[in-house]
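Chemist:
Protein chains in written order, with the numbering used here: chain U, 1471 to 1584; chain V, 25 to 139.
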C-alpha cells in the first residue's frame, strides 16, 4: 500500500514569506507526527495529532509555526514570516493509533529559506 | 528530560565485517527504545524497537540491539555488513508516561561501507 507522502519535496522561499507543507499519512492511521531535522542532527519533535486534534504541540518552536489536520487525515504545517533558521527537512510520520505503534515516516520536505 | 547520545558521528567498516553502533540514553523510567535507518532520499525506517522483556531484540535486515539498563545503552549490531547498509542510523527514546509516542532522537551515526 501507499506510504506517507509529503509535498512538496523541496521548497525554496525568501525570508519573511509564508509556507505550507503537506503530509498525507497512511490511510486509516489516526496518529500523525511532525518532526524537523536540521543538518547534521536527528529529527526533533514538533507536534502530534490524534485524529483531528493536536494532542501535543510542545515541540513547536514559536507562534510562527502552526499545524492543522481538519479531517483527521491530511495535515498541513504552516510557517509564517519564515526565517533562515527555519531551513531544515520537515518530516511527517503516521501510526495506526499512536503510543507504541510503529511510526512510518515520509521522505520529508526540504525547506530552504533565503 | 529524556536525551539520546550517539557518540560516533561517522563509522567506516569493510564489507563483511561486524558492526556495532553505540547509543546511550537518559530517561527516568524504563524507556522505549528504537533504532531507525535513513538512506539518502528515503524516509526513516524502523529497524527494531525495545519495550520490555528480552533485552536482546532482533530487527529487520539482520540487525539486533541489546538493552543494558546498567549502562543506559542500546547498541545496534550486525555480524556481517553489506554495502547496502551504508546509511545514517538514528537511535531514539520514546516517551512512556504520556503514551503519546513522540520520540527524542540522537544526532545519528553515518555508516560508510568499504568494498
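Just so it is clear, CB atoms sit at the ideal spot from N, CA and C, and this is done for glycine as well.
1. Look up residue 109 of chain V in the DSSP assignment and say whether it is helix, strand or coil.
2. Apply the 10 Å Cβ neighbour rule to residue 1509 of chain U and answer buried if 16 or more other Cβ atoms are within range, or exposed otherwise.
3. Any residues in the segment 55 to 71 of chain V with a beta carbon nearer than 9 Å to a beta carbon of chain U? Which ones, in chain order?
4. Which one of V/77, V/113, V/117 has the shortest CA to CA distance from residue 44 of chain V?
5. Can you give me the Cβ contacts of residue 1473 of chain U inside the same chain, cut-off strictly under 8 Å, excluding the 5 residues immediately before and after it?
6. Would you grab the beta carbon distance between residue 1552 of chain U and residue 1477 of chain U for me? Rounded to a whole angstrom, and I think it's under 8 Å.
7. Using DSSP bridges, identify the partner residues of residue 1561 of chain U.
8. Buried or exposed: which applies to residue 103 of chain V, given that a residue is buried once 16 or more other Cβ atoms fall within 10 Å of its Cβ?
9. Is the CB of residue 28 of chain V under 9 Å away from at least one CB in chain U?
10. Please return the same chain residues whose Cβ sits closer than 6 Å to the Cβ of residue 81 of chain V, not counting the five positions on each side in sequence.
11. Under a CB-based cut-off of 9 Å, is residue 1494 of chain U close to chain V?
12. Which residues share a DSSP beta bridge with residue 1547 of chain U?
13. Could you tell me the alpha carbon to alpha carbon distance between residue 138 of chain V and residue 127 of chain V, rounded to whole angstroms?
14. In three-state DSSP terms, what is residue 84 of chain V?
15. Answer with yes or no whether the minimum CB distance from residue 111 of chain V to chain U is below 9 Å.
16. Which value, in whole angstroms, describes the spacing of the CA atoms of residue 50 of chain V and residue 40 of chain V?
17. Taking any Cβ of chain V, which residues in the segment 1545 to 1574 of chain U have a Cβ under 8 Å from it, in chain order?
18. Please name the residue or residues paired with residue 34 of chain V in a DSSP beta bridge.
19. Can you give the Cα-Cα distance for residue 1584 of chain U and residue 1554 of chain U, rounded to whole angstroms?
20. Could you please give the first and the last residue of the uninterrupted beta strand (DSSP E) stretch that includes residue 41 of chain V?
21. Below 6 Å CB to CB, which residues in the same chain sit around residue 1488 of chain U once its five sequence neighbours on both sides are set aside?
22. Suppose contacts are defined by Cβ-Cβ distances below 9 Å. Is residue 67 of chain V in contact with residue 1566 of chain U by that definition?
23. In the structure shown, what three-state DSSP assignment does residue 94 of chain V receive?
24. What would DSSP say about residue 46 of chain V, mapped onto helix, strand or coil?
Modeler: Checking against the coordinates, here is how it stands:
1. helix
2. exposed
3. 56, 58, 60, 62, 65, 66, 67, 68, 69, 70
4. The shortest CA-to-CA distance from residue 44 of chain V to any of V/77, V/113, V/117 is the one to V/113.
5. 1496, 1574, 1576
6. About 18 Å; that fails the 8 Å criterion.
7. U/1505
8. exposed
9. yes
10. 72, 74, 89
11. no
12. U/1491, U/1537
13. 32 Å
14. helix
15. With 9 Å as the cut-off, residue 111 of chain V does not count as an interface residue toward chain U.
16. Approximately 32 Å, taken between the alpha carbons.
17. Going along the segment 1545 to 1574 of chain U in chain order, one finds 1561, 1563, 1565, 1568, 1569, 1570, 1571, 1572, 1573, 1574 with a Cβ nearer than 8 Å to chain V.
18. V/134
19. 6 Å
20. It is not in any beta strand (DSSP E) - residue 41 of chain V carries neither H nor E in the DSSP assignment.
21. 1550
22. no
23. helix
24. coil
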